[in-house]
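**Student:**
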Amino acid sequence: MIQFELHYSVWEKGKGQMNRVGAALFFIMVNQVQQVDGCWQSSKGDSSGASNSSGESSKESSRCSTPVVDSDRSDRLREKIRKRIDSGDRWFSLEFFPPRTTSGAVNLISRFDRMGSGGPLFVDITWHPAGDPGSDKETSSMMIASTAVNYCGLESVLHLTCCNQNKEKISGYLAKAKHLGLKNIMALRGDPVGDDWENEEGGFSYAIDLVRHIRSEFDEYFDICVAGYPTGHPEAKSYEQDLRHLKEKVDAGADFVITQLFFRADTFLKFLDDCRAIGITCPILPGIFPIQGYQSLRQLVKLSKLEVPEEITKVIEPIKDNDAAIRNYGIHQAVRMCRVLLESGKVPGLHFYTLNREVATMEVLRQLGLWIEDPR
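Just so we're aligned, residue 1 is where the sequence shown starts under UniProt numbering, counting upward by one.
#1: Of all the options Glu155, Leu303, Arg76, Cys162, which has the alpha carbon lying nearest to the alpha carbon of aspartate 113?
#2: For leucine 77, does the count of other Cβ atoms within 10 angstroms reach 16, so buried, or fall short, so exposed?
#3: Looking at the structure shown, is valine 308 part of a helix, part of a strand, or coil, going by DSSP?
#4: Looking at the secondary structure, which residues open and close the alpha helix (DSSP H) in which phenylalanine 268 lies?
#5: Using DSSP with H/G/I as helix, E/B as strand and the rest coil, what is glutamine 260?
#6: Helix, strand or coil for cysteine 338? Go by DSSP, reduced to three states.
#7: Considering only residues of the same chain and omitting the five flanking positions on each side of leucine 341, which have a CB-CB separation below 8 Å?
#8: Compute the Euclidean distance between the alpha carbons of glutamine 32 and alanine 325, then round it to the nearest angstrom.
#9: Measuring straight from C-alpha to C-alpha, what distance separates cysteine 162 and aspartate 321?
#10: From the DSSP output, in three-state form, read off isoleucine 214 for me.
#11: Drop a sphere of 10 angstroms on the beta-carbon of residue 388, count the other beta-carbons inside from all chains shown, and report buried for 16 or more, exposed for fewer.
#12: Look up asparagine 166 in the DSSP assignment and say whether it is helix, strand or coil.
#13: Can you say whether glutamate 317 is buried or exposed, counting buried as having 16 or more other CB atoms within 10 angstroms of its CB?
#14: Please state whether DSSP places aspartate 223 in a helix, a strand or coil.
#15: Could you compute how far the alpha carbon of proline 99 sits from the alpha carbon of alanine 148?
#16: Does the beta-carbon distance from phenylalanine 352 to leucine 94 come in below 8 Å?
#17: Using CA coordinates, which residue listed in Tyr229, Gln292, Leu368, Ile144 is at the minimum distance from methionine 337?
#18: Rounded to whole angstroms, what is the Cα-Cα separation between valine 226 and aspartate 323?
In structure tokens, the structure reads:
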């Protein structure tokens, strides 16, 4: 748990943004949860407004206790997406990953505040099995996503991978997410922590199994997102087979799709047309990665098993040691690609892989006219 002195110092640093950061971190400290009688409960009272042991009403501190979950789910993310599509109103969303350290959590929550001012429709938080993502640690995926929605006011999507996990553990994570007020899940298979794939007894082999489990155990509570691969999943036997697998995930209950990154607009537009041709009708959001550095690009394409087009490598190889030059090129390349997507009339929204950085993504959004400029 973060030391209280850290929370207090952050809280006292000033008005506005840092106070919001302090409030968010304070939430992390007091909202530690424990499983009691098979149900997730807050360890710090409730939000009913009843008096606590000191005689003070808990209404004043209800933000630091159990989030209020709206049972009717009238503000569903999938409905927000549909409304934007129907209205023709363009929008964007942002992906972040959980930090490794407490100071990283401070910085990330502050970044939520700055980037949230631009008006993203939602943010999503990745899930890394090696980093204890479902725990109560201030750096866990679960707590970062909870802080984003409960204290930064951002619609949040929590990634959840099912690789090497049994059904009981998955159900526990989902119950905890629901308790914390999280309403959206990105259902992924994920990669094994080690080098080799091993089936978990009583577990899941594919993302479709996780989608089915969520719908079976939690009905329509969660909106579900799944991943799409514009060039096909690297483990699929063929591009066509991978398209069929995507349709199966949607048919099993997924509400929308976010794609893997790509480098050419026509790659996504072909994928989109191919999806529509086989009956995938749900929203499909293109995953946009503004190139921000040579090493980060190499690492990401290695993890994604993608090839960088020759026209891009020819530009960045001579400037690979100049981070500013590569970032400027990445902004230019992303803006150009996004304009083609938006002008196609088929793409109402863009999903950005930020790598927890803000300069490049914000500049791309400004040049596209998508940044609201409504500082909090």
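Note that beta-carbon positions come from the ideal geometry of N, C-alpha and C, so glycine has one too.
**Tutor:** Reading it off the structure:
#1: Glu155
#2: buried
#3: coil
#4: 265 to 277
#5: strand
#6: helix
#7: Ala265, Phe268, Leu269, Pro286, Val347, Leu350
#8: Unreliable placement is indicated for glutamine 32, whose pLDDT of 46 sits below 50; no coordinate value is reported for it.
#9: 38 Å
#10: helix
#11: There is simply no residue 388 to check, as the chain begins at 1 and stops at 376 in what is shown.
#12: strand
#13: Its Cβ having fewer than 16 others within 10 Å, glutamate 317 is exposed.
#14: strand
#15: Approximately 14 Å, taken between the alpha carbons.
#16: yes
#17: Leu368
#18: 33 Å
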